[in-house]
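Position 77 of the sequence shown, counted from 1, bears residue number 79 in the working numbering, the numbering being contiguous throughout. For every residue, glycine included, the Cβ atom is placed at its ideal position computed from N, Cα and C.
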Amino acid sequence: MAALNGRLCISGRVGRQPAFSRTDQRFGWDPPERAEAGAELVRRFRRTYGTTAVGHFADWAGLGRAHAKELWELVDDAP
């Protein structure tokens, strides 16, 4: 959940394991508004995988179908 809220990032590796940092401590970065962050996630998914079904997005992001649909609807389908 910390990563979904823009508060956690992978900042390196310790051996074979990822090392995590809080974004505000590492970069001084404040996340965008929740709706904008969700819409950007959908836009990046669509750029990479095309405009597939919302179910594919839900599975890929590890989200419940209702939450994925809510985010999916934030993005206009027009190019």
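query, result
"Secondary structure of L65, DSSP reduced to three states", "coil"
"Alpha carbon of G52 to alpha carbon of D78, nearest angstrom", "14 Å"
"A70 - DSSP class collapsed to helix/strand/coil", "helix"
"Rounded separation between R15 and A21 - CA only", "5 Å"
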